[in-house]
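>
Numbering (mature numbering (1 follows the signal peptide of the UniProt record, and there is no 0)), first residue to last: -19 to -1, 1 to 535.
(1) Is residue 52 helix, strand or coil by DSSP?
(2) What residue range is occupied by the uninterrupted beta strand (DSSP E) comprising residue 516?
(3) What does DSSP give as the partner residue(s) for residue 331 in the beta ladder?
(4) What did DSSP end up calling residue -8 once you bin it into helix, strand or coil?
(5) Which term fits residue 204, buried or exposed, when burial requires 16 or more other beta carbons within 10 angstroms of its beta carbon?
(6) Hey, quick one: how far does the beta strand (DSSP E) through residue 301 stretch, first residue to last?
(7) Taking the alpha carbon of residue 184 as the point to measure from, which residue in 375, 513, 35 and 3 has its own alpha carbon closest?
(8) For residue 289 and residue 243, I'd like the C-alpha separation in whole angstroms.
(9) What is the rounded straight-line gap between the Cα of residue -7 and the Cα of residue 37?
(10) Helix, strand or coil for residue 77? Go by DSSP, reduced to three states.
(11) What does DSSP give as the partner residue(s) for residue 113 in the beta ladder?
(12) Beta-carbon within less than 6 Å of residue 107's beta-carbon, same chain only, minus the 5 sequence neighbours each way: which residues are those?
(13) Helix or strand or just coil, what does DSSP make of residue 344?
(14) Answer yes or no: do residue 414 and residue 458 have a C-beta to C-beta separation smaller than 8 Å?
(15) Is the beta carbon of residue 247 sitting closer than 8 Å to the one on residue 423?
(16) Taking all protein chains shown into account, decide if residue 326 is buried (16 or more other Cβ within 10 angstroms of its Cβ) or exposed.
(17) Less than 6 Å between C-beta atoms, sequence neighbours within five positions excluded: which residues of the same chain meet that for residue 43?
(18) Check for me: the alpha helix (DSSP H) holding residue 162 runs from which residue to which?
(19) Quick check on DSSP: helix, strand or coil for residue 63?
(20) Rounded to whole angstroms, what's the CA-CA distance from residue 361 to residue 270? Just pull it up for me.
(21) Alpha carbon to alpha carbon, how far is residue 230 from residue 138?
(22) Given residue 409, which residues of its chain have a CB within under 7 Å of its CB, disregarding the five upstream and five downstream residues?
(23) Would you mind reading off the limits of the alpha helix (DSSP H) that contains residue 270?
(24) Would residue 268 and residue 254 qualify as a contact pair, given that the criterion is a beta-carbon distance under 8 Å?
(25) Which value, in whole angstroms, describes the spacing of the CA atoms of residue 445 and residue 122?
(26) Residue range of the alpha helix (DSSP H) that residue 427 falls in?
(27) Mapping the DSSP letters down to three states, classify residue 31 as helix, strand or coil.
(28) Here's the rule: buried if 16 or more other CB atoms are within 10 angstroms of the residue's CB, otherwise exposed. What is residue 348?
(29) Quick check on DSSP: helix, strand or coil for residue 490?
(30) Which whole-angstrom value describes the C-beta separation of residue 152 and residue 274, a residue pair presumed to lie in contact below a C-beta threshold of 8 Å?
(31) Roughly how many angstroms separate the alpha carbons of residue 156 and residue 90, rounded to a whole number?
(32) Quick check on residue 529: buried or exposed, where buried means 16 or more other Cβ atoms within 10 Å of its Cβ?
(33) Could you pull out every residue in the same chain whose Cβ sits closer than 6 Å to the Cβ of residue 412, ignoring the five residues on either side in sequence?
(34) So, with DSSP's three-state summary, where would you put residue 223?
(35) Could you pull the start and end residues of the beta strand (DSSP E) that residue 186 belongs to?
(36) At least one CB of chain B closer than 8 Å to the CB of residue 528: is that the case?
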C-alpha cells in the first residue's frame, strides 16, 4: 500500500471513530408488561429469543421498578427523571408538562448537546399548552413518527401520521419508523423530520415506545386476514395456564384489600376480562402474541444496526412503564403498588462494556428514573439538577456496589374508578404500603347521571375540570402534612414475593415496620422535592378557552 493511500485510510478511520466517540442509544419501552412475560425473566411458553439474547449480551436487572403504575405519570417520570409527586402530571391532575420543565427532559437535553433524536410509536405524555395538541413534543425531536394517546393494534385507523405506512399492525408500523430513522435516507411519508437524513457525524438517541401488550393494543387485535400469523394462530394450540394465585371474581371470598380501601366494583370495565378464566386466558394469549411480535422487532433492530455498521457503538435499553393484574389474588388492572404492577423487566446491553460485565444478572435495585441520568452519563452530558434518578452506569459496567438501598413507589390516580392513593417503600427483604381514603364520587353514579342528562359517558368519566387540580394537589401534599393512612400492609417479600401474607399486626415484626415508616417519610419528602411543579392547566375548561382564543385570532 502506498504512503498516500495509507494516510487516506488512516484519516478515514480516525474520522469514523471521532464521529462515533459518544455512544448511540436505542431505548425500547413496552406498555403494561409485568415481570415474567419473557423467557429471560422466567416465562417458558412465550417465545422471545431475540430479547433473551439481548439479555445474554448485556445486563438483566432482576430488581427493576417503576415510580407509578399508571401510563402517563410513569412515562413522564422516565422523560424527566422525576417522581410524579414532583412533576405533577397524571390523568386526574388537570395539567400538562410546561415548556420550562420540558427543557430538562432527556430528549431535549441530548438534542441540545449534539445528539440526533427520534421518537417512534406511542406518546402518552401531554407536553406544553394544550397537551397533545401543542405540537411541542413533535417538534422536540429531529425525527417524530408517533401517535398521541393510545395507538391501539391498528394505528392507521386512529392516527393520521401512520396513514401512509405499508403495514396495518402496530409493531410492524413501528418497525417501519425505526428502519426509516436508522437509514441515512428518510423516505417514510408522514414522519415529521427536520433533516433529510440522519447525519453520520452525530450520535443518535432513538426512543421506541409501544402501546403493547397494553389492553388498548392487545384488546383490539382482531385476527384479520392481513395480520401476520403470529397474531392469529400462535399459542392457540397449547394449554395456557392462568396466573399463579388467580381467583375468578365469583370465587373471591375475602378481597385482597378492604372494600373501603379499594372500591373494586368501580373498576374500569376494560379490565372485566380478568373476572373469568376463559376471558383472562384469551387476553393472556393476545399479550403473548404481542410480545413475540415485539421480540421479532428487537431482532430486526439489532440486525439493522449491524447492517448500518453501528451496532458496536449502540447501547440498547429495554423495559416497560409498569405491569398489570390479570386476576392474581382476584385483582384486575394497575395503579397499585404490588410487585405485579411495579416490578418490570429491565435490560441494558452495552457492547462496549468489558466482557466480564456482559451476560450478567444484577440483583441491585434500579428504577425507571435512573434511565435518563444513565444515558447522559454515557454521553458525557451534565445531568440536570432537576433529575431525581441516579446513573446506574457503574452497575452496567460490572460493579456490584448498590445505587439504591430502598425503592419508593406511589399512586396518585385516586379517582371515581375506585383506586386509593398509595405510597410504598421496600428493601430486598421487606415492603411497607400505605393507603389513603378515596373520596371521589363513584363512577357508577357518574354513569347514571351522564345517561340521565344526555352527556357522553366518556366525557363524564374522563374530562378533567379545573376544580380537579386542587383535589390532585391535595393528594400530593396531604401525606407530607400528616394525613394518616386508612390501611397499611407489611410484607416479608424475601420469603413472600407474591405478597400473600400481610404481617402488619404481628408483634415480632413491629421493629421492621417502624424502621420502614422512617424510610417512607424520608423517601416521600425526596419524591416531592422542594419546588412547585412546573405544569400548565390542561383541563376541559382550558381547552375551550384555548380554542376560543384561536377562533378570535383568525
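Glycine included, C-beta positions come from ideal geometry on N, C-alpha and C. Small disclaimer: the values here were computed from a predicted structure and weren't measured.
This is what the structure holds:
(1) In the three-state reduction of the DSSP assignment, residue 52 falls in the helix class.
(2) Looking at the DSSP string, the run of the beta strand (DSSP E) that includes residue 516 is 516 to 518.
(3) Answer by DSSP bridge pairing: none, since residue 331 is not bridged.
(4) For residue -8, the predicted structure reports a pLDDT of 40, less than 50, and the residue's modelled location is therefore unreliable. The matter cannot be settled from this model.
(5) It is exposed - the Cβ of residue 204 has fewer than 16 other Cβ atoms within 10 Å.
(6) Counting along the chain, the beta strand (DSSP E) containing residue 301 begins and ends at 295 to 301.
(7) When 375, 513, 35 and 3 are compared, the shortest CA-CA separation from residue 184 is found for 3.
(8) Cα-Cα distance, rounded: 51 Å.
(9) Because residue -7 sits at a pLDDT of 38, beneath the cut-off of 50, its placement in the model cannot be relied upon, and the point is left open.
(10) Strand.
(11) BP columns for residue 113 are empty, so no partner.
(12) Here residue 107 has 77, 113 and 519 as same chain residues with Cβ atoms under 6 Å from its own Cβ, once five neighbours each way along the sequence are excluded.
(13) Residue 344 falls in the strand class under three-state DSSP.
(14) Going by C-beta atoms, residue 414 is not nearer than 8 Å to residue 458.
(15) The Cβ atoms of residue 247 and residue 423 sit closer than 8 Å to each other.
(16) When all chains shown are included, residue 326 counts as buried.
(17) Here the set comprises 342 and 344.
(18) For residue 162, the uninterrupted alpha helix (DSSP H) segment begins and ends at 151 to 163.
(19) Looking at residue 63 - three-state DSSP - the assignment turns out to be coil, as it is neither helix nor strand.
(20) Residue 361 and residue 270: Cα-Cα distance of roughly 39 Å.
(21) About 34 Å.
(22) The residues are 475.
(23) Looking at the DSSP string, the run of the alpha helix (DSSP H) that includes residue 270 is 258 to 289.
(24) Against a cut-off of 8 Å, the Cβ pair of residue 254 and residue 268 comes out as no contact.
(25) Each residue's Cα considered, the two are about 28 Å apart.
(26) Its alpha helix (DSSP H) spans residues 424 to 434.
(27) Three-state result, residue 31: helix.
(28) It counts as buried.
(29) DSSP, read as helix, strand or coil, puts residue 490 in helix.
(30) Residue 152 to residue 274, Cβ: 4 Å. Contact.
(31) About 26 Å.
(32) Residue 529 sits exposed, since fewer than 16 C-beta atoms from the chains shown fall within 10 Å of its C-beta.
(33) Here the set comprises 472 and 474.
(34) Looking at residue 223 - three-state DSSP - the assignment turns out to be coil, as it is neither helix nor strand.
(35) 185 to 190 is the span of the beta strand (DSSP E), which, as asked, contains residue 186.
(36) In summary, chain B is missing from the structure at hand, where a single protein chain is found.
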